[in-house]
Amino acid sequence: MRTIFRNAHVCDPSQGIDKRADVVVDEGKVLAITEHSTPYDVGSCEVIDCSGLVLTPGLVDLHVHLREPGYEYKEDVQSGTAAAVAGGFSAVCCMPNTDPPLDEPSVIRGLLKRVEEVGVARVYPVAAITKGLQPEGLSEMAALKEAGAVAVTDDAYPLQSAEVLRRGMEYAAQLGLTVMTHCEDKSLTRDGCMNEGFAATVMGLRGMPSVAEEVQVARNCLMSLYTGCRLHILHVSTAGAVRIIRWAKEKGAPVTAETCPHYFALTDEACMGYNTNAKMNPPLRTQEDCDAIIEGLLDGTIDAIATDHAPHATHEKAQEFALAPFGIVGLETAFAVSYTELVSTGKMSLSQLVDRMSCQPAKVLALPGGTLQPGSPADIALFDLHRGWTVRAGEFRSKSRNTPFEGWELQGKPVLTMVGGRVVYRHGM
Amino acid sequence: MLTDLISLRETEPTDIRRLLDTAQSFKEVLERPVKKVPTLRGKQVVTLFYEASTRTRVSFENAAKIMSADTTSVAAASSSVQKGESLLDTVRNLRAMRIDCLVMRHPQSGAAHLVAQALDIPVVNAGDGMHEHPTQALLDMLTIRQHKGRLEGLTVAIVGDITHSRVARSNLWGLSKMGAKVRFVAPATLLPRDVHRLPVEVYTDLRKGMEGADVVMALRLQQERMERGLLPSLREYSQRWGVNTKALEVTKPDCIVMHPGPMNRGVEISDDVADSGRSVILEQVTNGVAIRMAVLYHLLGGEAAG
Amino acid sequence: MPTEVKVMDAHEMRRALTRIAHEILERNKGAENLVLVGILRRGAPLAHRLSRLIEQIEGTAVPVGELDIALYRDDYRTHAVSDIGATHIPVDITDKKVVLVDEVIYTGRTVRAAITALMDLGRPACVQLAVLIDRGHRELPIRPDYVGKNLPTARQEFVEVKLEELHGEDSVCIRKPDEER
């Protein structure tokens, strides 16, 4: 069946398109972007009036915790992908810290089978770099890649041994796999639960210094230069990390980086009152860090905005701050928070934002999507940028409610998401 | 109107003053042969302690008993944690037994805040992790005021492990709100990040930090700090940052010496100082009962008691 | 038009207290073994005045104590007092004749609390009660022994006693509630 998105503001930075046009979708692929779609309107054809709406390639999230298998009470493939498409994401990369972890081909295949059955977005598994995400012992990366893994990572269990990282990168490089790293020197963050700074000092909480992230960002960038392995730095949160990545890119290191909306929209002040919904790792930092991150997004030092969507059950967050788990949900707020904080404020153009949330993340791992080039999969998101809305965690598709943005007034609402030509999400359309 | 006492940072100066004034009045009751007044008759006060403490728990229970409240002491000592029951479930169960007030100590910063948000009865923080210990600071302030006649304009040097001290934090907020100047004196490894942004003067040199002080407060040093590599040795600490007679030469002549207890004699405070005429450490303990009476009085009275 | 009626001025107050001083001496056959205990706050200055008057009449000083009843009030739960005074009685009251002094007796609950408070401090030989104003409406079986002035009032009215020591003037006024609300 054919779908025509009529009279949309089409924003596709991959082709430099930012204009009023119609988008024709046929057989699950983009057929044409045209100013005159009437000739295409033949046979059984759904015409969607997009007046006043922005149409972009579906957003791509490099960093999502779907929690399946093992933690289905927090999230599963069905709820996680439903949350993704409700946020305008057509594809997500899911992290391996599940139970069992994604360190075996069979687990990856099982997961992908579940995606086929109940998933509504594309899911690209990221495998564990080590067996069981343990400090050493490389995973069977070749077999994992064959099973469908698109990258390997140490997310949530940052490799402390430079030697293990080195061998992991060498091994991944020969397979063409990108290594995604969570940068944290655990000897510096020991027992820490939020940014080391004024707020932690006032609340009497043990801090995680920014330097703990930065020393590993530096080490890992150097290792990328040394091994030639493609490195993707997950969830950059500090000004120092931005500077180091900028330097590494100048040196020609094959390094990419992502940040998350909360790292430019919030500071560690959000933890005041022991707000466990503002607790994640790396932790919220300071205003200077937020500013540097936005700068990094603008100059391309940071390639992508990901969510690090990390669902946790309400009872897990309703604990003493230090005991509550790290992580917040983000899929259903990422676009609006970013649009409100970056585009509405005039710091960034809409097409820059779409580039950072769709085109670049697809590019980082060479994933399909992130473009509306004719012939590419019809992964499309439609946004009403004029619509203001209030974040109500109770209305999330996600199983979890752990957002620091509860009650925020945001601008820009995803109203329709299409994956492979199929409309998987509609809101008031 | 006070509904809970969680931190002095979030307590209004007028409430601090009222608690101090009330405690001063209540001290008379402690001197009576029959230490019993009927004020809180029929009230159930529970002390829930997840950390060992003799002094503070006994002080709260005495305060409650003098005012005729019934007290129940729950030494949680992580037993319920081992059973897997969450803190909130534990306190909701206590509340379901129709208790009227919860006094709690917990090793995690913010625990009292969490509980106070969940319960509709007054919650008193008897120490939460490295955050605050408001009644300790109030009794310290009462003791200082009894000796100096005021708090405004005084210089109070707090010496020792600032990073890990809830006593230091509560005293900082309380004293600075009452117009005293607070100094933190500690080795660099025991000063928290961004400490300079607090309303405090910071010193790593003991002599400079104690110069002209009206009050010196020595904090307890935990052995654990050495094990974690924050300090080289007890010997070096006591030589450089121990409060002893020599160190007191630079303070005001009428400077008083305080300690929240329990003391490590010979480490953060020398024997001769602890037992000298300048030491008001035992008065602090007496004032503790009066302060806790005042806190219970104000929290359990008025509309807030419902 | 708000109504505030002055029912006693400084002269009348002095005469009333002088009469009470005489009555106390008469009833107790002198000042021996007497202790005057004023209920904080307004009862305390009145107790001191009575002591001075008794000394003028009898030539003997009578010890004066001050009693704070905040810890004994039965309406504590709805009316926690923020302005709390300290109890101070300079002598052991056991076997003494104690005269409680307050400015107004109304429901009797304050006096009930004061008697309980007093009993916690010792075992007096007897307790008597002196008040400047009795405005009626008792809720407990309590009756003053010495009264400066009986003042019929409505429940919604407010009797305000001002004292030189606390307010810079001596007077008693009745206020209607209209102006309060």
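Residue numbers (our numbering), protein chains in the order written: chain A, -11 to 417; chain B, 43 to 348; chain C, 4 to 184. Beta carbons are placed, not taken as given, at the ideal position from N, Cα and C, and that holds for glycine. What you are looking at is a predicted structure, and each value in this text was computed from that prediction instead of being measured.
Where the alpha helix (DSSP H) containing residue i begins and where it ends
i: F102(B); result: 97 to 108
i: R30(C); result: 13 to 31
i: G216(B); result: 208 to 219
i: I60(C); result: 46 to 61
i: E34(A); result: Note, E34(A): premise wrong, no alpha helix (DSSP H); beta strand (DSSP E) at 33 to 37.
Any chain B beta carbon closer than 9 angstroms to residue i
i: F314(A); result: no
i: L121(C); result: no
i: A306(A); result: yes
i: L169(C); result: no
i: D98(C); result: no
i: A13(C); result: no
i: Y149(C); result: no
i: N42(C); result: Note that residue 42(C) is Ile in the sequence shown, not Asn. I42(C) does not count as touching chain B.
i: A310(A); result: yes
i: A73(C); result: yes
i: R184(C); result: Residue placement at R184(C) cannot be trusted, given a pLDDT of 43 that sits under 50; what the coordinates show is reported in the next sentence. By this cut-off, R184(C) is not an interface position.
i: R389(A); result: no
i: Y59(A); result: no
i: P271(A); result: no
Near the ligand NAD: residue i beta-carbon under 8 angstroms from a heavy atom
i: G139(C); result: You won't find the ligand NAD in this model; it holds no ligand whatsoever.
Neighbour flag for residue i against chain C, beta carbons, 9 angstroms
i: R320(B); result: no
i: F68(B); result: yes
i: P80(B); result: yes
Between the CA atoms of residue j and residue i - distance to the nearest angstrom
i: D279(A); j: Y79(C); result: 54 angstroms
i: V257(B); j: T90(C); result: 30 angstroms
i: G84(B); j: S49(B); result: 27 angstroms
i: V244(B); j: E158(A); result: 49 angstroms
i: L121(C); j: M146(B); result: 34 angstroms
i: C176(C); j: L43(C); result: 20 angstroms
i: D256(A); j: E167(C); result: 57 angstroms
i: E69(C); j: E52(B); result: 35 angstroms
i: Y145(A); j: M182(A); result: 17 angstroms
i: R97(A); j: E174(B); result: 51 angstroms
i: T378(A); j: C248(A); result: 20 angstroms
Beta-carbon proximity check, residue i vs residue j, cutoff 9 angstroms
i: L355(A); j: P362(A); result: no
i: N85(A); j: L153(A); result: no
i: L135(C); j: E106(C); result: yes
i: E320(A); j: F384(A); result: yes
i: R189(C); j: T113(C); result: Chain C is shown from 4 up to 184; residue 189(C) falls before or after that span and cannot be answered.
i: R17(C); j: Q131(C); result: no
i: R178(C); j: P155(C); result: no
i: M183(B); j: G216(B); result: yes
i: G216(A); j: P197(A); result: no
i: I87(C); j: P147(C); result: no
i: P392(A); j: A266(A); result: yes
i: E184(A); j: G192(A); result: no
i: P188(B); j: D170(B); result: A quick correction: the sequence has Gln, not Pro, at residue 188(B). Against a cut-off of 9 angstroms, the Cβ pair of D170(B) and Q188(B) comes out as no contact.
i: A154(B); j: D46(B); result: yes
i: L353(A); j: T166(A); result: yes
i: I452(A); j: T405(A); result: In this structure chain A extends from -11 to 417, so residue 452(A) is not present and cannot be described.
i: D317(B); j: N286(B); result: no
i: A292(A); j: I316(A); result: no
i: L62(B); j: I323(B); result: no
Per DSSP, the bridge partner or partners of residue i
i: K165(C); result: S174(C)
i: A116(A); result: T141(A)
i: S321(B); result: V299(B)
Within-9 angstroms CB hit, residue i to chain A
i: D46(B); result: no
i: M172(B); result: yes
i: R235(B); result: yes
i: S128(B); result: yes
i: E345(B); result: In this prediction, E345(B) scores a pLDDT of 41, lower than 50, which makes its location untrustworthy; no coordinate-derived value is stated.
i: A153(B); result: yes
Range of the contiguous beta strand (DSSP E) that encloses residue i
i: E377(A); result: The question names Glu, but residue 377(A) in the sequence shown is Trp. W377(A) -> beta strand (DSSP E) spans 368 to 378.
i: P45(A); result: 42 to 45
i: S78(A); result: 77 to 82
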